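To start, the structure itself, in structure tokens.
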Ligand code: FE
Ligand code: CA
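Residue numbers (this note's numbering): 228 to 763.
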């Protein structure tokens, strides 16, 4: 088994490989297109980016259980006249012939084109870019964020508009796949179906990614810009928490399923090898994959990418005889407020607090980050769904882990006390509706201090659980919320400058049509330092 260092070395190796004996590799020939799952890039830094593809072995002749060499090219132009970099990447059998090629030494703040070549098969051409250099005052960033693309619930029409919006970066916040089988009773409103079983094994999850990645608009979005990714629950199982399945699967059995699901996620995402915490030797173990990472976009935004599933405590007050999420009245569930419970796990909480602290530092060696982006999978703000003085919360989101939220909010308030310009912005998904909110030190005291801004995006396709009229009746319970919309599927488009952050909420006209148009439904802005979003 290769250790992590070796894996990184292999993943970044290029020219050196030519010296190795050719017998160490599968001598394959493509028949048909081995790149039909598409190509992607991700986790951009100021001098590099991860290039991704995954070979479809059904479309290869002569492969054995050995690594396959895949050529990659990086150029300044889409015709590859002006090559910047070329080399050989390895598709490893242990990772089901996925390729994660880490580029280094690129110029900061530049667009590049890339492609893969295997024999006479050439992949599509992708466009990617590096971030501006650290310490350099980037003047603007346009990025899109999305989540929750339930296959059966709709077409990925929104990605077509997202590509047309020409973002520098796309952030995906979880539920890239849904693990369940299409119900036998073909539920009204479903627009497409599949015959795959509920995913529980590594092969099942791989098949599920292959199905989602067959969508041409999703592939186009991966070709358009680098992605930053995290996961939510459906990449493993609906509403799971750490080692606990909502079906109360025995823990060792569930952890094996989770490890398979995490591995499949890594195999299909443009993540660096460092996401495999212990390299190939860690595959299949409980802590083999880590998606928590920090990515800085020049001196403009710092993306703190969180994992809200792997390290959390079990949900509070589950339904009797069950586990998993519930909707509970706050005064009947004291566990919601138990300070020993955590959503992120204590190490990740500390990692986040430390990173936010660094964002506020001013001085000769370091300038404060204008925007600290907390990229995570669910709704941060309190959401009370019960009219009247009693409160009712959903236990699966941050409301179910109020103590973690209080610790983080207190830390943000402290940092903001030292530097009034400190401006955290939460982006999230999971809830399948748009929420624009001001994050308060105490959501139950509307007069309390505003410490951050939240833009929670709607789903790409997944159905909402709320009727709009019901949401409209809940503003009084949630005075920190500026806007709620459950009617539209889509994504959010963020235009960020050092002084102003504008989020345009994009909605698909008709999710049942692959070619549907997508258009702005609302637009909100915050000036740096003023945490309350205003309609723009
Ligand atoms: Fe979802
Ligand atoms: Ca209430």
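From the three backbone atoms N, C-alpha and C, an ideal C-beta is built for every residue, glycine too.
Predicted, not measured: the structure shown is a model, and the values here were computed from it.
- Here residue 722 carries a strand assignment [DSSP, helix/strand/coil].
- In the three-state scheme derived from DSSP, where H, G and I count as helix and E and B as strand, residue 327 is classed as strand.
- Apart from sequence neighbours up to five positions away, the residues of its chain that approach residue 271 with a beta-carbon distance below 6 Å are 357, 358, 453, ordered along the chain.
- Looking at the DSSP output, residue 594 sits in no beta bridge, so it has no partner there.
- If only complete runs of 4 or more residues are kept, the stretch 401-451 shows the alpha helix (DSSP H) at 429-439, 443-451, in order along the chain.
- Spanning the alpha carbons of residue 755 and residue 658 requires a straight line of approximately 27 Å.
- Closest in alpha carbon position to residue 624, among 650, 341, 580, 569, is 569.
- A direct Cα-Cα distance of roughly 30 Å separates residue 632 from residue 361.
- Sequence-distant Cβ neighbours of residue 565 in its own chain, meaning closer than 7 Å and more than five residues away, are 630.
- Taken in chain order, the whole alpha helix (DSSP H) runs of length 4 or more contained in the stretch 724-752 number zero.
- For the beta strand (DSSP E) assignment, the uninterrupted runs of no fewer than 3 residues enclosed by the stretch 287-311 are, from N- to C-terminal side, 295-302.
- For residue 355, the three-state secondary structure derived from DSSP is strand.
- For the pair of segments examined, the stretch 743-755 was found to touch the stretch 718-734: the number of CB pairs separated by less than 8 Å reaches three.
- Its chain contains 544 as the residues whose beta carbon lies nearer than 8 Å to that of residue 559, once the 5 sequence neighbours on both sides are disregarded; these appear in chain order.
- Classified as exposed, residue 637 has fewer than 16 neighbouring CB atoms from the shown chains inside 10 Å of its CB.
- Residue 649 is positioned such that its CB atom lies no closer than 8 Å to that of residue 736.
- Residue state for residue 454 is assigned as strand, using DSSP reduced to three classes.
- Residue 673 sits in coil when the DSSP states are folded into three classes, being neither helix nor strand.
- The alpha-carbon of residue 328 is positioned some 55 Å away from that of residue 615.
- Contact annotation: residue 463 and residue 488 have beta-carbon atoms nearer than 8 Å.
- Set against 7 Å, the gap from the CB of residue 270 to the closest heavy atom of ligand 1 is not smaller.
- A distance criterion of 7 Å places the beta-carbon of residue 611 in contact range of ligand 2, judged by its closest non-hydrogen atom.
- Relative to ligand 1, the nearest heavy atom lies less than 7 Å away from the CB of residue 402.
- Its chain contains 649, 678 as the residues whose beta carbon lies nearer than 6 Å to that of residue 643, once the 5 sequence neighbours on both sides are disregarded; these appear in chain order.
- Contact check for residue 662 against residue 606 passes: the beta carbons are separated by less than 8 Å.
- If you compare the alpha carbons of 341, 711, 333 with that of residue 280, the shortest gap goes to 341.
- Taking every protein chain shown into account, the CB of residue 702 has fewer than 16 other CB atoms within 10 angstroms, so this residue is exposed.
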